[in-house]
Structure formats: C-alpha cells, structure tokens
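**Student:** Here you go, one structure.
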Amino acid sequence: MKTVLPRRLALLLGLWPWWRAARAEMPDLRSALSRAQALRDEAVRAGDQAYGAVVWLDGRIVGEAPSRVIVKGDVDAHAEREALRDAQQRLGRTDLSGALLVSSSRPCALCEAAAARARIARMVYGDGTDAGPPRPR
85 MKTVLPRRLA
95 LLLGLWPWWR
105 AARAEMPDLR
115 SALSRAQALR
125 DEAVRAGDQA
135 YGAVVWLDGR
145 IVGEAPSRVI
155 VKGDVDAHAE
165 REALRDAQQR
175 LGRTDLSGAL
185 LVSSSRPCAL
195 CEAAAARARI
205 ARMVYGDGTD
215 AGPPRPR
C-alpha cells in the first residue's frame, strides 16, 4: 500500500503542467477536436476511411487533413501523417516541438512513430482522450 500513493502522486505531478495548460486553452482544444471530426466526415463523403486529424500549436491549427488512403491509393496517407506533412509544409520546418496531434481516433503505431519523429509533444483523440506523448517504434 505504501508504494501505490507515491506512484499515483508522481503520475499526478508528472501530468499536472500539461493538464493545467490544456484546461486553460480547452475552448481551442474543443475547436481542434471538432475540426478533426469534420475532416473525418469529409473523408467519408469523399469515399475514404473515417479519420481526420489536425496539428495544434500555440492555440491554433497549423496542419490538418482527412484520410486519403483510398482517394490517393496510398496506404501511408493516413489522416495523422497527412496532417503532420501539412503542418511541416505550412511552418517550413520538420520539427513540430510543442504541438499536439489531435485525431478523430487513436493513431495507429506507424502514425504514432511519425508523430514522435516530428517531435509532437502529445496526442489527443476522440472526445479529448489524452494519449500522452507519442512513442517511437
């Protein structure tokens, strides 16, 4: 029982700075989540898979994309990777340090690895579930 409390406390303290910042900017995060959902719907209307993603940095969307796997005939055109590419192109750099990857669904392992390579700080998906920092594979 003694080891449970410090571990929980460490987890709480480890997440506290991000949670406080995210709550302060929650209206913007909700708009990012809404945009990811709208991109998912756009992908479905185009005949593609039901996924959408945005890259959110400093309270604004800097990259976005629906899934384009079927439309492009490219198995790597997942919404998350397309959104990362869009953000990198718009910002003119490959390093997306400090950005959030906001997705309509949990990113696959390859998309998570791409987010880690782009130095995405955290991933958020679905209804606002915090998936934490991406893990390189």
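Using this note's numbering, the letters of the sequence shown correspond one by one to residues 85 to 221.
Each residue gets a CB set at the ideal place from its N, CA and C atoms; glycine is no exception.
In this text the structure is predicted, and so the values were computed from the model without any measurement.
1) Could you name each continuous alpha helix (DSSP H) segment of 4 residues or more that falls completely within the segment 133–158, going from the start of the chain to the end?
2) Any idea what DSSP makes of Asp170, helix, strand or coil?
3) Compute the Euclidean distance between the alpha carbons of Ala108 and Arg152, then round it to the nearest angstrom.
4) Please confirm whether Ala149 and Ala167 have their CB atoms less than 8 Å apart.
5) Which one of Asp214, Gly143, Arg221, Lys156 has the shortest CA to CA distance from Ser188?
6) Cutting at 7 Å between CB atoms, please list the residues of its own chain near Arg206, excluding the five before and the five after it.
**Tutor:** Put simply:
1) 153–156
2) helix
3) Its pLDDT being 46, under 50, Ala108 is placed unreliably by the model, and the measurement read from it follows with that caveat. Near 33 Å, if we compare the C-alpha coordinates of Arg152 and Ala108.
4) yes
5) When Asp214, Gly143, Arg221, Lys156 are compared, the shortest CA-CA separation from Ser188 is found for Asp214.
6) Trp102, Leu184, Asp214, Gly216, Pro217
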